[in-house]
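S.K.: Its first residue numbered 105, the sequence shown is counted upward by one per residue in this note's numbering.
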Amino acid sequence: MTPALYELLQRTSRTFALTIPLLEEPLRGEVAAAYLCFRIADSLEDEAAWPKEARIDALEAFARAIATSPPLPAGVADFLARVRARAPLAEASCRELVVETEAVLEALAGGDAVAAACILHHVRRTTVGMAESVAQSDAGGVVRLVDVPALRHYCYLVAGIVGEMLTELFLHHEPLLRPAEAELRGLSRTFGEGLQLVNILKDEGADANAGRYFLPQDAPRSELFRLARGDLAGARRYVEALHGAGASRGSVAFCALPVLLAEAALDAVEARGPGAKVPRSQVMETWSRLESALDAGRLPF
């Protein structure tokens, strides 16, 4: 990963820009490149100014481009040509990121081949799922998830798969985790889904303004908060399994900090409603508490 791509990471995600540097190399660079790949797909899915057919076309082109590892230049060129033929993406950081698609994929291809193939496989799964989700939107591209199972499935597509990918990368680079493989794989999707459900609850208002109604209208908010807390409890168990199996400090910290921040965010949203934010002072205090606990050889929960 080049310094320019790390700067792009900082502009596209506050949380991941905070947590990815906690990882040790080569995981740090691999996960950074993986996040940028997922963010490319996410940018295409969320581009409200594009008609649904354009979003589907771009997502399918990206999925084709990353169908091999390393990606074929012709596929990447076709994807970029299709994106350039449309109106520019509304968000500046997303425009910059999509322009740098080739550089992101080259950074990935320059590292561990097994890790790169793993990342592209899972990014493609999510990208295909996003295209299917957009295809199910109405004629105007408005997304409405009708029930809790649909919400759960969406959280799996966009975040549960990320948990599965991370677990494969951890197992690949840290062989001492093998005795805990079954437990880690069993909890991996819950780790990702819990973080995603909190984000959906937090961003309900902004998503609605963009034509995305992820929270089922008939589902009581109390049930959705209960689901989120249950998933975060599973995410804690995932971190505990990593720590108990002797994962590197960086891997444990990378997974633990988002869980702690998601719990704080969920408390804020439940108390103050969608859009509530965790103050930076609380983020820093949480990070300090995590570091102190890890220094003592334990977790802060």
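Where is the CB? At the ideal position from N, CA and C, for every residue including glycine.
Note that this is a predicted model, so its numbers are computed, not measured.
(1) Would the beta-carbon of Thr119 fall within 8 Å of that of Pro362?
(2) From the DSSP secondary-structure annotation, give me the bridge partner or partners of Arg248.
(3) Taking the straight line between their C-alpha atoms, what separation do you get for Glu344 and Leu403?
(4) Quick one: give me the first and last residue of the alpha helix (DSSP H) that Val202 is part of.
(5) Rounded C-beta distance between Glu134 and Gly215? I'm assuming under 8 Å.
(6) I need the DSSP call for Trp154, collapsed to helix, strand or coil.
(7) In the DSSP assignment, the alpha helix (DSSP H) including Leu346 goes from what residue to what residue?
(8) Assign Ser326 to buried or exposed, taking buried as 16 or more other Cβ atoms, counted over all protein chains shown, within 10 Å of its Cβ.
(9) Just checking: is the beta-carbon of Leu201 within a distance shorter than 8 Å of some beta-carbon in chain D?
(10) Per DSSP, what kind of secondary structure is Pro362 in: helix, strand or coil?
(11) My output table needs one value for Ile170: the three-state DSSP class, helix, strand or coil.
(12) Give a yes or no on contact between the stretch 235 to 250 and the stretch 303 to 323, applying the rule of three or more CB pairs nearer than 8 Å.
(13) Could you check how far apart the C-beta atoms of Ala136 and Tyr110 are, in whole angstroms? I think they sit under 8 Å.
(14) State whether the stretch 226 to 241 contacts the stretch 260 to 279, with contact taken as three or more CB pairs (one from each stretch) at a distance under 8 Å.
M.R.: If we stick to the structure as given:
(1) yes
(2) Tyr317
(3) 8 Å
(4) 196 to 203
(5) 6 Å
(6) coil
(7) 325 to 348
(8) exposed
(9) Chain labels in this structure do not include chain D; a single protein chain is all it has.
(10) helix
(11) coil
(12) yes
(13) 7 Å
(14) yes
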